[in-house]
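Just so you know, full-length UniProt numbering puts 13 at position 13 of the sequence shown, and the rest follows in order with no gaps.
Note that the Cβ used here is the ideal one computed from N, Cα and C, for glycine as well.
Since the model is a prediction, treat every value here as computed from it, not as a measurement.
Report on the following structure.
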Amino acid sequence: MELGIGLSGDPKGRAGFLAVTQKRRHEERKGVDEEEVTEPWRVPIRVRVLASLTVMLAIFMVMTVLVKVDTSSWTHSFFTITIVCMVILSGTSTIFNSSVFGMTGSFPMRNSQALISGSSLFTPIGGAGLETPP
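Below, the structure is given as structure tokens:
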């Protein structure tokens, strides 16, 4: 089998290489479900998504409770708790986002494109809501 990398009009160029690569992946995965793969270091995607959402919900609840607590006498501890909560929230958000992007890898490219476009569109909108008016 010949794999040639050609110019944009060459049928043996990038499109041919991608077709051969996808065919090999399909042959390697034939009959193997992602949930059936038992690698000692791999956490199933369902566990990653649900665990990250659960931790995010718990952090949200902690931060909501801290709003109602008088923290004037323990400001340094409150600051430390807030920073630790934000670090945990950031980590779980990263795990969640990477898991969702990993799930869309098994769908057609237009689904991944919609996910990427939606993330790019709503990130600035969410950040704009955090700005304080002058």
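Chain-order list of residues whose beta-carbon lies under 6 Å from that of residue i (same chain, five-residue window excluded)
i     : result
Val55 : Thr92
Start and end residues, alpha helix (DSSP H) containing residue i
i      : result
Phe107 : Taken as a continuous stretch (DSSP letters only), Phe107 belongs to no alpha helix (DSSP H), as it is neither H nor E.
Arg42  : Run containing Arg42: none; DSSP gives neither H nor E here.
Own chain partners of residue i with C-beta closer than 7 Å, once the 5 adjacent residues on each side are dropped
i      : result
Ile88  : Val55, Ile59
Gln113 : none
Residue i in three-state terms, based on DSSP
i      : result
Val69  : coil
Leu121 : helix
Own chain, CB closer than 8 Å to residue i, minus 5 neighbours either side, in chain order
i     : result
Ser52 : Thr92, Ser93, Ile95, Phe96, Ser99
Val47 : none
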